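Colleague: The structure that follows is given in the form of structure tokens.
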Amino acid sequence: MKRRLKQAAIVIVVVFAAAQLIRPDRANPATDASHSIQAHVGTTSELIPVLNRACGDCHSNETVWPWYTQVAPTSWLMAYAVSEGRKAVNFSEWAAYSPAQQQMLLTESCRDASSGKMPSGIYTALRPEAKLSTRDVETICAASRETKATAAESPDDNSSSAR
Ligand code: HEC
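Numbering-wise (the working numbering), the sequence shown opens with residue 362 and increments by one.
Encoded structure:
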């Protein structure tokens, strides 16, 4: 029995060490700050610190990669979440979305933040500071309502007709 435990321990150590050789790409893409949501809504907006703190790791080009994201299998999970997250919405590339898309993404952000889907529980277990307070959720939802109101004010903007 003791011998089996020892063998199992050796296997685990070897697999863990071998796993470290598979290193996902963690380089953040270059960003033009003028394309970001920060430039769009203004840095004084209350929305920005909330997005930076709770969403930026997966939904911007400014991902912070602490030591545990250098260690497999967390490194794989994080790299996957970042690549899928940036595809879903990238706040660093905000200017690339049409006004209608921006409005939809903020509406979805409000919905996901309210339901607790974003940021996910696995992530906030590692990053408790990313948890959203009721006020943070309200800040995101207020921003979503604001973009809707702005879109309603400018009916000549074609893309706002997707309300
Ligand atoms: C740990 C990484 C991570 C964090 C942090 C994170 N997201 Fe996501 N998000 C994802 C991934 C991965 C997807 C795409 C797959 C999915 O829907 O689960 C996604 C999808 C989305 C979508 C697209 C709609 C949807 O639900 O699929 C929105 C909107 C969104 N996230 C908003 C947010 C907001 C707002 C925050 C911060 C309050 C946030 N996310 C934090 C990883 C993350």
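No residue lacks a Cβ here, since even glycine has one placed at the ideal position from N, Cα and C.
The model shown is predicted, which means the values in this text are computed figures rather than measured ones.
Using the C-alpha atoms, what's the distance from GLU407 back to VAL375?
Modeller: Computed Cα separation, rounded: 48 Å.
Colleague: Report yes if the C-beta distance between ALA317 and PRO390 is below 8 Å; otherwise report no.
Modeller: The chain is shown only over 362 to 524; residue 317 falls outside these bounds and no answer can be derived.
Colleague: Is ILE501 close to the ligand HEC? I mean its beta-carbon at under 7 Å from any heavy atom of the ligand.
Modeller: Yes; taking the cut-off as 7 Å, the Cβ of ILE501 has a heavy atom of the ligand HEC nearer than that.
Colleague: Considering Cα atoms alone, identify which of ALA486, VAL432, SER459, GLN431 is closest to HIS401.
Modeller: The residue with the shortest Cα to Cα distance from HIS401 is SER459.
Colleague: Can you give the beta carbon distance from LYS492 to THR485, rounded, assuming they're within the 8 Å contact cut?
Modeller: Right, the Cβ-Cβ distance comes to about 5 Å (below 8 Å), so this counts as a contact.
Colleague: Restricting to Cα atoms, I'd like to know which of ASN422, SER470, ARG414 is closest to ALA394.
Modeller: The option with the nearest alpha carbon to ALA394 is ASN422.
Colleague: Taking 7 Å as the cut-off, is the C-beta of GLY403 nearer than that to any heavy atom in the ligand HEC?
Modeller: No, since every heavy atom of the ligand HEC falls outside the 7 Å radius drawn around the Cβ of GLY403.
Colleague: Can we say the stretch 451 to 468 touches the stretch 476 to 483, given the rule of at least three CB pairs closer than 8 Å?
Modeller: With the cut-off at 8 Å, the stretch 451 to 468 and the stretch 476 to 483 do not touch.
Colleague: Kindly indicate which three-state DSSP category ALA512 falls into: helix, strand or coil?
Modeller: The answer is helix: DSSP assigns ALA512 an H, G or I state.
Colleague: May I have a chain-ordered list of the alpha helix (DSSP H) segments no shorter than 4 residues that lie completely inside the stretch 418 to 483?
Modeller: Runs found: 435 to 449, 460 to 476.
Colleague: Going by CA-CA distance only, name the one from GLY417, ALA388, ARG387, GLN381 that's closest to ILE398.
Modeller: The shortest Cα separation from ILE398 among GLY417, ALA388, ARG387, GLN381 belongs to GLY417.
Colleague: Enumerate in chain order the residues of its own chain whose CB-to-CB distance from SER475 is below 8 Å, with the five nearest sequence positions on each side excluded.
Modeller: Taken in chain order, the residues that qualify are VAL498, CYS502.
Colleague: Looking at ASP418 and the ligand HEC, is the gap between the Cβ and the nearest heavy atom below 7 Å?
Modeller: Because some heavy atom of the ligand HEC lies under 7 Å away, the Cβ of ASP418 counts as near it: yes.
Colleague: Return the residue from the list VAL411, PRO427, ILE409 that minimises the CA-CA distance to ALA388.
Modeller: Residue PRO427 is the option with its Cα nearest to ALA388.
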